[in-house]
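Q:
Numbering (this note's numbering), first residue to last: 7 to 372.
(1) Which residues bound the beta strand (DSSP E) around residue 145?
(2) In the DSSP assignment, what are the bridge partners of residue 237?
(3) Going along the chain, which residues of its own chain have a beta-carbon closer than 8 Å to the beta-carbon of residue 328, five neighbours each way excluded?
(4) Whose C-alpha, out of 226, 63, 205, 250, is nearest the C-alpha of residue 235?
(5) Measure how close the beta-carbons of residue 177 and residue 125 come, nearest whole angstrom, since I'm counting them as under 8 Å.
(6) Compute the beta-carbon to beta-carbon distance between residue 65 and residue 226, rounded to the nearest angstrom, for a pair I have assumed lies under 8 Å.
(7) If you draw a straight line from the alpha carbon of residue 303 to that of residue 69, how long is it in whole angstroms?
(8) Taking the alpha-carbon positions, what's the residue 296 to residue 59 distance?
(9) Going residue by residue through the region 138-224, where are the continuous beta strand (DSSP E) segments of at least 3 residues, counting only ones entirely within it?
(10) Going by DSSP, what residue range makes up the beta strand (DSSP E) through residue 65?
(11) How many angstroms separate the CA atom of residue 51 from the CA atom of residue 237?
(12) By how many angstroms is the C-alpha of residue 239 removed from the C-alpha of residue 196?
(13) Report the rounded CA-to-CA distance for residue 194 versus residue 188, giving the unit in angstroms.
(14) What residue does the alpha helix (DSSP H) around residue 328 start on, and which one ends it?
(15) Which residues in the same chain have their Cβ closer than 6 Å to the Cβ of residue 2, if we skip the five residues on either side of it in sequence?
(16) Measuring alpha carbon to alpha carbon, tell me which residue in 323, 349, 131, 335 is nearest residue 306.
(17) For residue 41, collect the residues of the same chain with a Cβ closer than 6 Å to its Cβ; drop the 5 residues on either side in sequence, then sort them by chain order.
(18) Kindly indicate which residue of 169, 43, 26, 186 has the alpha-carbon position closest to the one of residue 320.
(19) Is the separation between the beta-carbon of residue 169 and that of residue 159 shorter than 9 Å?
(20) Using a Cβ-Cβ cut-off of 7 Å (strictly less than) and excluding sequence neighbours within five positions of residue 344, which residues of its own chain qualify?
(21) Could you please give the first and the last residue of the uninterrupted beta strand (DSSP E) stretch that includes residue 111?
(22) Provide the residue span of the alpha helix (DSSP H) that contains residue 127, from first to last.
(23) For residue 74 and residue 99, what's the separation of their Cα atoms in angstroms?
(24) Of all the options 162, 157, 153, 163, which has the alpha carbon lying nearest to the alpha carbon of residue 326?
(25) Just grab the DSSP bridge partners of residue 80 for me.
(26) Only counting the same chain, and skipping five residues up and downstream in sequence, which positions put a Cβ closer than 6 Å to that of residue 33?
(27) Kindly list the residues whose CB is nearer than 7 Å to the CB of residue 134, restricted to its own chain and excluding five residues on each side of it in sequence; keep chain order.
(28) So, with DSSP's three-state summary, where would you put residue 20?
(29) Under 9 Å between C-beta atoms, does residue 213 make it to chain C?
(30) Are the beta-carbon atoms of residue 103 and residue 45 separated by less than 9 Å?
(31) Give the straight-line distance between the Cα atoms of residue 294 and residue 347, rounded to the nearest whole angstrom.
(32) Alpha carbon to alpha carbon, how far is residue 49 from residue 341?
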C-alpha cells in the first residue's frame, strides 16, 4: 500500500520528479566521467609505458616520475656508460616533449633500432618504418579520430611531417620522430630526456639500479620499470586525489540541493495529505519513511540514468578522441552510494518537518 502511494505521488508531479532524476543523473555522470578520465589517463599512460618493454628507466636528477616533464638535460653520452654495465643488453635513449597544440600529447624522439630492441618491432597497421628525417609514426588511437592515413602530412611542433606508418598503440608515445630531429626541434642537441634499459633478465633490475648508482650516477632518478609503473596512481600524481575529492564534494552538493528543494516543496504541497495520514494513526516514523522512500526511488532512477549516460559518453570519447575514460565497477558502486547519501541528506529535514506537523492544523490547511 505504501509503495503504491509513493509511486502515485511521484507520478502526480512528473516534471518535478523528472528534474530530480536528471539532477541525480548529472551528479552520477559528473563523478563517473571526471574520475574515469583521471583513471583512464593514468591507466593508458601506465599501459603504454609497460608496452615499451624496458626493465630499467634512467631519468635526470630531480625528475618527476611523470614522463615528459623533465626536459632533456642528460647527455646522450651517458648511454655509453650504461651500456657497459653488467646485465645491460640494450640502451635506448629517448627525447620527449609535451605538446599542447589542440590537445596535450606526448611526442617521442627515438632511435628506431634500439627502441624496437626493447620489446620487438612496431606492428604496422598501415605504411612502414621511418626512412627520412621528415617521416614520423603515429599510433592507431591518434590516427582514427583525426582521419590520418599513411602518406598524409601532419603538423608536429609547428613543423610538417609525413606519416610513414600507423602503428598499433601501446609503445610509449602516440607520435614518434627520429631522435636527432626531435633534438633539433626542441634545441636539445646531444641530449636525452631518459634512457630505457633492456636487461638479460628482468630479475636483475634491482642489481642494475644499484650498479648505476655506484657508477657515479647516484643523483639520477633510476628505478626498475616495475617500481616505476607502481608509482603511476592517482595518489602519487600531484593534485589528482584532491581534484577527485573536490568533484565528489560538488556532486554531493548538487544532489543535496535538488532533493532538498524537491522534497521540501512536496511536503509543503501535501500538508493536508499528511494531516489525513496522521489523523488515521500514521506515526512520525511512518511519515518520515514515506518521504525517504520517495527520495530513494528518485535517487535510484537518477543513478540508472547517470550510469547509462556515462557508459555511452565513455564509448563516444574513447572512439572519437585520444582520451581514455575508465568506468569501473568500484566507482559505479561509490557513485551510487554517494548519490543515495546526498539525496537522503537533502530529504532529512523535509521528512522530519512533515513528521512534526500537527494533524488538526494540517487538516485545516487550505
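C-beta atoms are modelled at their ideal positions from N, C-alpha and C, and glycine is treated no differently.
A: In short:
(1) 141-145
(2) DSSP, once it has assigned bridges, lists no residue as partnering residue 237.
(3) 109, 111, 147, 148, 151, 180
(4) 63
(5) 7 Å
(6) 7 Å
(7) 51 Å
(8) 59 Å
(9) 141-145, 159-162, 165-173, 181-184, 200-205
(10) 62-65
(11) 12 Å
(12) 32 Å
(13) 8 Å
(14) It is not in any alpha helix (DSSP H) - residue 328 carries neither H nor E in the DSSP assignment.
(15) Lying before the first or after the last residue shown, residue 2 is absent from the chain, which here runs from 7 to 372.
(16) 349
(17) 250, 337
(18) 43
(19) yes
(20) 37, 254, 257, 258
(21) 111-116
(22) Neither: residue 127 is in no alpha helix (DSSP H) and is coded neither H nor E.
(23) Confidence at residue 74 is low in this model, with a pLDDT of 48, below 50, so its placement is unreliable and the value that follows should be read with caution. Rounded to whole angstroms, residue 74 to residue 99 spans 13 Å at the Cα level.
(24) 153
(25) 198
(26) 257, 260, 261, 345
(27) 170, 171
(28) helix
(29) In the displayed structure, chain C is absent; only one protein chain is listed.
(30) no
(31) 16 Å
(32) 20 Å
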